[in-house]
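**Student:** Residue numbers (our numbering): 423 to 622. Each residue gets a CB set at the ideal place from its N, CA and C atoms; glycine is no exception. Owing to the predicted nature of the structure, the values given are computational and were not obtained by experimental measurement.
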Amino acid sequence: PGNKPCPAVALTIADLRDPSRPEHPAEKSQVTVSGVVTAIRPDRGFFLQDPAASTWGGIHVFDNGDNTVARGDVVTVSGTYLEYYEMSEIEAPTSVQVTGSQAVPAAIAVDPCDVSGGATAEVYEGMLVTVGSVSVTDDNPDAPDDYDEFEVASCLRIDDWLCDACIDDQPAKGTSFDLTGVLIFSFGEYKLAPRDADDL
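What follows is the structure, encoded as C-alpha cells:
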C-alpha cells in the first residue's frame with residue numbers, strides 16, 4: 423500500500439553498464455554499487471570503477487559535489503540509475519559510504535579511434551583509459567566556437583570536463599601526447615577527459 427520507494431538492489435557496476443546482463447535494471451531503478459573512485463569533478467560528482475573489471479566497469483555518480491571523496495576511496499553508493507543523455511550514471515544518491523581505500527585501478531590502454539565511436543567505445547565508458555603516442559590533428563574541432571576541446575589521431579576528442587584548467591589553451595597541431603583520463607559521453611560523442619595536468 424502507498425507509494426513506498428522500492429529498496430535499492432545491490433549490483434555490480436557491470437550489471438548497470440552492460441545491457442546484455444540478465445541483472446541489468448530498468449532506468450530509474452534504485453541500485454547500490456561499490457567501486458574505487460578514479461576521478462572527481464567537485465561541482466558535479468565522481469567516477470567509480472570496479473578494479474576487477476576489464477570492460478563495463480565504470481559509472482558516473484552525479485551528486486552535485488555534495489559528498490567528499492578522494493581518488494582511491496572504496497565507496498558504496500545507493501541511488502537512481504539513469505542514462506543521462508546516453509551516459510550511464512547514478513543520480514541523487516541516497517547513501518555514499520567510504521569503506522576503505524586502495525590503489526586507483528591502472529588505466530587501460532586503448533586505441534583512440536576504437537573508443538571514439540568504434541566497437542569498444544561503450545564498454546569503456548566511465549573507465550580510466552590511456553592512449554599512447556598520439557598527435558593533435560585538430561586544435562579546435564568546434565571552430566568557430568571554442569569549447570576547450572582538441573582532437574588526436576583524427577578521431578578522439580580530448581575534453582576539459584574534469585579539469586577546466588587543463589585545456590584553457592589547446593595545444594598546436596602536431597603536438598604529441600601520452601594521454602590518460604576517463605572516457606565520457608558528451609554531446610553525442612565519446613571523449614577522453616583528463617583529470618589533471620599529469621594526465622596530459
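Below 6 Å CB to CB, which residues in the same chain sit around Ser-598 once its five sequence neighbours on both sides are set aside?
**Tutor:** Taking the sequence shown and counting its residues from 1, the one referred to as residue 598 is at position 176. Excluding positions up to five away in sequence, the list reads Ser-557.
**Student:** First and last residue of the beta strand (DSSP E) that includes Tyr-503?
**Tutor:** For the purposes of this step, residue 503 is taken as the residue at position 81 of the sequence shown. Start and end: 495-506.
**Student:** Can you look up Leu-584 in the DSSP assignment and give me helix, strand or coil?
**Tutor:** Reading the sequence shown from its first residue, position 162 is the one you call residue 584. Three-state result, Leu-584: coil.
**Student:** If Ile-481 sits next to Ser-510, beta carbons under 8 Å apart, how far is it from one beta carbon to the other, in whole angstroms?
**Tutor:** The residue labelled residue 481 in the question sits at position 59 within the sequence shown. The residue labelled residue 510 in the question sits at position 88 within the sequence shown. That belief holds up - the Cβ atoms of Ile-481 and Ser-510 are roughly 6 Å apart, short of 8 Å.
**Student:** Extract the residue ranges of the alpha helix (DSSP H) inside the segment 525-570, only unbroken runs of 4 or more that lie entirely within it.
**Tutor:** Taking only runs of at least 4 residues, the alpha helix (DSSP H) segments lying wholly in the segment 525-570 are 534-537, 543-546.
**Student:** From the DSSP output, in three-state form, read off Ala-619 for me.
**Tutor:** Position 197 of the sequence shown, counted from the start, is the residue given in the question as residue 619. In this structure, Ala-619 counts as helix in the three-state DSSP scheme.
**Student:** If I measure Cβ to Cβ from Leu-584 and keep anything under 6 Å in the same chain, skipping five residues before and after, which residues do I get?
**Tutor:** For the purposes of this step, residue 584 is taken as the residue at position 162 of the sequence shown. Only Ala-461, Arg-463, Ala-615, Arg-617 meet the Cβ criterion.
**Student:** Just the Cα atoms here: how many angstroms apart are Phe-607 and Pro-534?
**Tutor:** Position 185 of the sequence shown, counted from the first residue, corresponds to residue 607. Position 112 of the sequence shown, counted from the first residue, corresponds to residue 534. Going from the Cα of Phe-607 to the Cα of Pro-534 covers about 14 Å.
**Student:** Check each candidate in Pro-515, Tyr-569, Ala-474 and name the one with the smallest Cα separation from Asp-485.
**Tutor:** Sequence index remark: in the sequence shown, residue 485 carries index 63 (1-based). Nearest C-alpha to Asp-485: Pro-515.
**Student:** Starting from Asp-600, follow the alpha helix (DSSP H) in both directions and report where the run begins and ends.
**Tutor:** Indexing the sequence shown from 1 puts residue 600 at position 178. Unbroken run through Asp-600 is the beta strand (DSSP E), 598-608; no alpha helix (DSSP H).
**Student:** With a threshold of 6 Å on Cβ separation, who are the neighbours of Gln-519 within its own chain once the five nearest residues in sequence on each side are excluded?
**Tutor:** In the sequence shown, residue 519 corresponds to position 97, counting from 1. Cβ neighbours of Gln-519 beyond the five flanking positions: Thr-498.
**Student:** Given a cut-off of 8 Å, decide if Ser-523 and Gly-494 are closer than it, judged by their beta-carbon atoms.
**Tutor:** On the sequence shown, residue 494 is found 72 positions in, with the first residue counted as 1. On the sequence shown, residue 523 is found 101 positions in, with the first residue counted as 1. Closer than 8 Å, so yes.
**Student:** Helix, strand or coil for Leu-438? Go by DSSP, reduced to three states.
**Tutor:** Residue 438 sits at position 16 when you count from the first residue of the sequence shown. In the structure shown, Leu-438 sits in a helix (DSSP, three-state: H, G or I).
**Student:** Tell me which residue opens and which closes the beta strand (DSSP E) that Glu-511 is part of.
**Tutor:** Here residue 511 is taken as the residue at index 89 of the sequence shown, counted from 1. Run containing Glu-511: 509-523, per the beta strand (DSSP E) assignment.
**Student:** What does the alpha-carbon distance come out to for the pair Val-545 and Asn-562?
**Tutor:** For this step, residue 545 is matched to residue 123 along the sequence shown. For this step, residue 562 is matched to residue 140 along the sequence shown. Spanning the two alpha carbons is a distance of roughly 27 Å.
**Student:** Please report the residue range of the beta strand (DSSP E) in which Thr-460 lies.
**Tutor:** Residue mapping note: residue 460 aligns to position 38 of the sequence shown, counting from 1. 452-463 is the extent of the beta strand (DSSP E) around Thr-460.
**Student:** Alpha carbon to alpha carbon, how far is Gly-467 from Asn-489? Give it in angstroms, no decimals.
**Tutor:** By one-based count along the sequence shown, residue 489 stands at place 67. By one-based count along the sequence shown, residue 467 stands at place 45. Rounded to whole angstroms, Asn-489 to Gly-467 spans 8 Å at the Cα level.
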